[in-house]
Amino acid sequence: GAGVSQSPRYKVAKRGQDVALRCDPISGHVSLFWYQQALGQGPEFLTYFQNEAQLDKSGLPSDRFFAERPEGSVSTLKIQRTQQEDSAVYLCASSLARDRSTNQPQHFGDGTRLSIL
Amino acid sequence: AQSVTQLGSHVSVSEGALVLLRCNYSSSVPPYLFWYVQYPNQGLQLLLKYTSAATLVKGINGFEAEFKKSETSFHLTKPSAHMSDAAEYFCAVRYSGGSNYKLTFGKGTLLTVNP
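Protein chains in written order, with the working numbering: chain G, 274 to 390; chain E, 4 to 118.
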């Protein structure tokens, strides 16, 4: 497709369950980002990939959060033993740029709304 | 810590009136600056970006923003609001330095447009 695709759009899970969120970036985009958007807040950075390499995971809230992009394209964000505070919209973005000095914009998917009961 | 401040979590205007959404950043070095719009249950759509080529940046849907270094501001404006402009607007920055790939967002401003 032409844009960033995320699935599922909505996910409801019981506390303690594991969840996996998928992101399919724009074809050819080198950089991929995950953000967490709590209700009424702006998105907050979670992690960054350049191709298959995870270069920054400083925003992941705990070791229950894990992200991968094994072939440098599709990425999965996994949350283990979910807790209620994990409820949020998880946004994926991709960017063409490899070069940090450019101001290439990030293109966002529609997000996955995660609700933990 | 570097931050982005959006003054006013909620702005309400009448259709046809001027829209002004405020954004201030904290940095001694001008960062890359962006405005995104988010419609309900959707992701973020880029409105415009500051490229340092011109201080007045024109974006989509009639929006523009002016970069003012002396005020560390990048306010978003539109001369005449339309009902379809009702959405949440986020200012975002990318700072220079080691982690300049990540976006730092403001908390957003919800724009409502009254008929």
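Positions of the beta carbon are idealized from the N, C-alpha and C atoms, including for glycine.
None of these values were measured; they are calculated from a predicted model.
Counting only the Cα atoms, residue 361/G lies some 7 Å from residue 312/G. An exposed status is given to residue 288/G, since fewer than 16 other beta-carbon atoms sit within 10 Å of its beta-carbon. Using a CB distance cut-off of 8 Å, residue 318/G counts as an interface residue toward chain E.
Chain G places a beta carbon closer than 8 Å to that of residue 109/E, counting this residue as a contact. Three or more beta-carbon pairs separated by less than 8 Å are not found between the region 67-85 of chain E and the region 353-368 of chain G, which leaves the two stretches without contact.
Per DSSP, the continuous beta strand (DSSP E) segment holding residue 94/E begins and ends at 90-97. Each residue's CA atom was taken as its position, placing residue 292/G and residue 329/G some 21 Å apart. Burial is judged here by how many other beta carbons sit within 10 angstroms of a residue's own beta carbon; residue 304/G has at least 16 and is buried. In the DSSP secondary-structure assignment, residue 13/E is bridged to 113/E. The distance from the Cβ of residue 36/E to that of residue 52/E is about 7 Å, consistent with a contact at the 8 Å cut-off.
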